[in-house]
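In my numbering, the protein residues as written are 20 to 319.
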């Protein structure tokens with residue numbers, strides 16, 4: 020990653036032109052679809068992998084600002100992913116007949132104001148492919164901050180991409196995350212109507228819960244046992260990509276794990292230290308070697 024003195028040891032500001040990235044993915048899937056009013060002005064199916072972008076942003080440091088600009092009336096189906104990643108939503112209604120919500124203008128104004136107010140922001144990440152972001156790129160770089168852009172491969176303006184210190188195509192970020200987390204099939208849930216028929220009355224259910232704690236489901240148990248493996252794999256892949264070296268210092272892995280999942284606790288998975296957890300995973304997942312100043316780790 021390209022670094023400046025201003026970016027060392029500081030936080031990340033992540034700004035999403037959300038409709039822009041969503042529209043780009045719609046056009047890649049079905050060219051010309053998003054230009055149609057019958058398609059555009061209706062509830063949208065989730066296409067953006069929000070977690071992949073947030074994981075990438077977290078690889079540079081703690082995320083201080085995570086703000087997305089959009090006319091959210093059509094994007095409610097992203098609710099869970101947005102909440103899971105603590106995204107601040109900025110609602111923008113289109114004021115005119117052209118249906119342009121002005122997200123890029125509002126985003127640029129906020130980014131300029133934020134870097135002026137908060138000295139701790141060292142890296143600014145803008146998710147969107149418009150050439151309209153070029154003026155703000157000059158302001159961000161003049162302030163001594165590192166600018167990283169993210170956009171879809173087909174919808175990104177090449178001049179905007181060239182104006183960043185670093186630019187990543189969205190498709191590549193998604194590929195990295197999918198490689199880091201293997202898909203595990205799960206048994207389908209029971210039908211909602213069947214559940215409604217078999218659910219006991221509330222007082223009976225409460226008495227049963229008081230008598231004995233419910234046993235964890237098979238899916239929940241498998242998910243809990245695989246969590247350390249998934250987090251370490253994601254952390255190592257992101258750090259290796261960031262450094263362009265498969266070997267990363269062990270001291271960098273734990274902070275990265277905590278940025279990916281602030282709720283992760285070692286004791287909940289039977290470990291008393293992070294070093295002990297790495298040793299427990301080493302046989303199947305990682306290799307450890309002695310480095311110049313610290314032990315180094317890589318994925319097998």
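Positions of the beta carbon are idealized from the N, C-alpha and C atoms, including for glycine.
For this session: Please say whether residue 297 and residue 267 have beta carbons closer to each other than 9 Å?
Result: no
Problem set entry | Minimum length 3: unbroken beta strand (DSSP E) runs contained in the stretch 124-210 | 140-146, 165-170 and 185-188
For this session: Within the same chain, show all residues whose beta-carbon is closer than 6 Å to that of residue 245, passing over the 5 residues directly before and after it, in chain order.
Result: none
For this session: Could you tell me which residues DSSP pairs with residue 318 in its beta bridges?
Result: 305
For this session: Determine the direct distance from the alpha carbon of residue 71 to that of residue 301, and round the result to whole angstroms.
Result: 25 Å
Exercise. Measuring CA to CA, which of 294, 304 and 172 is closest to residue 314?
Worked result: 294
Problem set entry | Cβ separation of residue 109 and residue 125, assumed to be a contact under 8 Å, to the nearest whole Å | 7 Å
For this session: Less than 8 Å between the CB atoms is what I'm expecting for residue 31 and residue 82, so what's the real figure, rounded?
Result: 5 Å
Exercise. Do residue 57 and residue 88 have their C-beta atoms within less than 9 Å of each other?
Worked result: no
For this session: Ignoring anything shorter than 4 residues or poking outside the stretch 259-296, list the alpha helix (DSSP H) runs there in chain order.
Result: 269-279
Problem set entry | For residue 19, the first and last residue of its enclosing alpha helix (DSSP H) | The structure shown has nothing for residue 19, since the chain only spans 20 to 319.
For this session: Note down, one range per segment and in chain order, each alpha helix (DSSP H) of at least 4 residues found wholly within the stretch 41-103.
Result: 56-59, 69-77 and 98-103
Exercise. So the beta strand (DSSP E) residue 108 belongs to, where does it begin and stop?
Worked result: 107-110
Exercise. What is the rounded straight-line gap between the Cα of residue 95 and the Cα of residue 85?
Worked result: 18 Å
Exercise. Leaving out the 5 sequence neighbours to the left and right, which residues in its chain are closer than 7 Å to residue 151 when beta-carbon positions are compared?
Worked result: 123
Problem set entry | residue 131 versus residue 303: straight-line alpha-carbon distance, rounded | 46 Å
For this session: May I have the straight-line CA-CA distance separating residue 341 from residue 277, to the nearest angstrom?
Result: The structure shown has nothing for residue 341, since the chain only spans 20 to 319.
Exercise. Which one or two residues does DSSP pair with residue 33 in a beta bridge?
Worked result: 85 and 144
Exercise. In chain order, what residues of the same chain have a beta carbon less than 8 Å from the beta carbon of residue 291, not counting five sequence neighbours either side?
Worked result: 285
Exercise. Around the C-beta of residue 74, are 16 or more other C-beta atoms found within 10 angstroms, so that it is buried, or is it exposed?
Worked result: buried
Exercise. Any idea if residue 37 is buried or exposed, counting beta-carbon neighbours within 10 angstroms, 16 or more meaning buried?
Worked result: buried
Problem set entry | DSSP state of residue 114 mapped onto helix, strand, coil | coil
Exercise. Got a sec? Which residues, its chain only, sit under 6 Å from residue 159 by beta carbon, not counting five neighbours each side?
Worked result: 143 and 166
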